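This note's numbering numbers the first residue of the sequence shown as 31 and each following residue consecutively.
Down below is the structure, laid out as structure tokens.
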Amino acid sequence: MIINSNPANRAGVEHTRAVLVGLNISEPMEETEKSLAELERLLDTAGGECTVKVVQTKDHPDPRTCVGSGKVSEIAYWCRTMEAGLVVFDMELSPAQIRNLEDDIGEDVRVIDRSMLILDIFALHAVTGEGKLQVELAQLKYTAPRLIGKGSEMSRLGGGIGTRGPGESKLESDRRHMKRRIAVLEAELEALDRTRRTMRAARDRSGTPKVAIVGYTNAGKSTLLNLLTDAGILAADQLFATLDPTTRKLTLPDGSTALLTDTVGFIRKLPHHLVHAFRSTLDEVVCADVLMLVVDASDPEYRAQLETTETLLEELGASGKPVLYVFNKCDLGADASFRAIGTCAQNRRTVSVSAKTGQGIPMLLDRLQELLHDGKRSVTFRIPNADAGALNQLYRNAVVESVDYGEDTITVTATVDAKTHGMLRKFDPDWRENEDE
31 MIINSNPANR AGVEHTRAVL VGLNISEPME ETEKSLAELE RLLDTAGGEC
81 TVKVVQTKDH PDPRTCVGSG KVSEIAYWCR TMEAGLVVFD MELSPAQIRN
131 LEDDIGEDVR VIDRSMLILD IFALHAVTGE GKLQVELAQL KYTAPRLIGK
181 GSEMSRLGGG IGTRGPGESK LESDRRHMKR RIAVLEAELE ALDRTRRTMR
231 AARDRSGTPK VAIVGYTNAG KSTLLNLLTD AGILAADQLF ATLDPTTRKL
281 TLPDGSTALL TDTVGFIRKL PHHLVHAFRS TLDEVVCADV LMLVVDASDP
331 EYRAQLETTE TLLEELGASG KPVLYVFNKC DLGADASFRA IGTCAQNRRT
381 VSVSAKTGQG IPMLLDRLQE LLHDGKRSVT FRIPNADAGA LNQLYRNAVV
431 ESVDYGEDTI TVTATVDAKT HGMLRKFDPD WRENEDE
């Protein structure tokens, strides 16, 4: 089945021309087409051009080439006709399947899968040193098992006279080199992770609440962070435009502050090795006090994207945290935005905004403030100097707003939860007065 072709743009295009391939096994054809449409957006982000989308319906993948032999011949035909040098499969391929497909299609056409395309985009958008290391590690771990030898031309030495063998092959040498490089990258990332944990511990000691912006890729997370904090980070209409976490201080309407962190976007069929490679980055989500889940309300697939995000958050161990659902891009269709909120609310804290125009931002800040202070209140403690250790407890477990050192007592105003207030209530004059009554 051919979903569409694009012969009009054949000449004069520098982008890599590609044929996209989907396999429909048990899901409705509509879902397969949606996944292929997202694959086309990924290809566009990577700098490629889709010429034809080909879909086959089968009971199970062909162990040799994923799709049937007839469909492979059809893919080869389209590659010749559309002058495409790349074939992208919308599923993960085994090393043997990639080799067999490239042999059968011929014409020096390269075959990759969805994971390899996402890795290519990550390599394109990685900016910081840590981001580049994480991408390289993910690429090597994914590529190493897929190194394929093609006979004697991969050997470093020719066959010798008598009993001499060909020696170590280039394939074996490449695998040894990749194994060493993986070990080096893992050591460097572990050192960076220790630094990140130290910085995170310092933030915890400050008592400032932490908010992580999460959501599907291209939902507008970076645009929202820029609007709220003047972060100045890249915000583009592309998938995975942001890979590196950025943390900025946000001032709330009541004057209190929170730390706001932008994170890498999620996507359906996100490869597990990518989640593992970016684990230290994604820990920012796990360690956050509150999640701000951004949804593109203008996207017809917002509901499926929301489900994908919530599933990945659960896999990361971040489920159960307080969540503010931010339905973004309401300027592109207010009716769609409100329908999205109506169908997804279900006891959730929701707000409709436009990170581009600023619409709805005051309400977002109010809702976020309520969520951060839910169950908390501002209390003024009078702590005798002999019990000064209680001040350390407040710094660890509350947001300290002011400290005044007197001759006999320390007067501290802090925003505390019920648990912290219960531990230190004897230093609360209002509580003592109520007890006396």
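Note that beta-carbon positions come from the ideal geometry of N, C-alpha and C, so glycine has one too.
Bear in mind the structure is a predicted one, so any value in this text is a computation, not a measurement.
- By the 16-neighbour rule on beta-carbons within 10 angstroms, V315 is buried.
- Spanning the alpha carbons of I243 and D438 requires a straight line of approximately 44 Å.
- Inter-residue distance for K351 and V320 is about 6 Å (C-alpha atoms, whole angstroms).
- Three or more beta-carbon pairs separated by less than 8 Å are not found between the stretch 101-112 and the stretch 59-68, which leaves the two stretches without contact.
- Spanning the alpha carbons of I128 and Q399 requires a straight line of approximately 51 Å.
- As a beta-bridge residue in DSSP terms, A444 pairs with V409 and V430.
- Remark: C-beta atoms of T341 and I297 do not approach each other more closely than 8 Å.
- Within a 10 Å sphere around the beta-carbon of R144 sit 16 or more other beta-carbons, which makes this residue buried.
- Under the three-state reduction of DSSP, C109 is assigned to helix.
- Beta-bridge partners of K240 (DSSP): L289.
- Counting only residues of its own chain and dropping the five nearest sequence neighbours on each side, E216 has a CB closer than 8 Å to the CB of L167.
- Here the C-alpha atom of V305 lies approximately 12 Å from the C-alpha atom of F152.
- In the structure shown, P414 falls within a strand segment according to DSSP collapsed to helix, strand and coil.
- Scanning its chain for C-beta atoms nearer than 8 Å, with the 5 sequence neighbours on each side dropped, one finds no residue around T225.
- Look at G136 here: in three-state DSSP terms it is coil, with no helix or strand label.
- Going by DSSP, Y355 is part of the beta strand (DSSP E) stretching over V353 to N358.
- The beta carbons of I413 and V381 sit about 38 Å from each other, so the pair does not count as a contact at 8 Å.
- Apart from the 5 residues on each side of it in sequence, C80 sits with its Cβ closer than 7 Å to the Cβ of N36, A48, L50, E70 and L73 in its chain, given in chain order.
- In this chain, the alpha helix (DSSP H) harbouring Q169 covers G159 to T173.
- Classified as exposed, K456 has fewer than 16 neighbouring CB atoms from the shown chains inside 10 Å of its CB.
- Per DSSP, the unbroken beta strand (DSSP E) holding D326 starts and ends at V320 to D326.
- Per DSSP, the continuous beta strand (DSSP E) segment holding K83 begins and ends at G78 to T87.
- When the alpha-carbon of F270 is set against those of R94, T87, V82 and A156, the nearest one is in A156.
- Note that the C-beta distance between A428 and T410 is not below 8 Å.
- Taking C-beta separations shorter than 8 Å and ignoring five residues to either side along the sequence, the partners of A420 in its chain run F411, I413, L454 and F457, following chain order.
- With respect to L147, A76 sits close: the two C-beta atoms are nearer than 8 Å.
- Beta-bridge partners assigned by DSSP to A48: C80 and L116.
- Here the stretch 132-143 makes contact with the stretch 107-114; the two share three or more CB pairs at distances below 8 Å.
- Note on geometry: alpha-carbon atoms of D447 and V97 lie some 58 Å from one another.
- Assignment of S384 by DSSP, reduced to helix, strand and coil, places it in the coil class.
- For G100, the secondary structure class from DSSP, reduced to helix, strand or coil, is helix.
- Around the CB of K251, 16 or more other CB atoms lie within 10 Å, so the residue is classed as buried.
- V294 sits in coil when the DSSP states are folded into three classes, being neither helix nor strand.
- In the DSSP assignment, L257 falls within the alpha helix (DSSP H) that extends over K251 to T259.
- Take S349, set aside five residues on each side of it, and the residues of its chain with a beta-carbon closer than 6 Å to its own are L343, in chain order.
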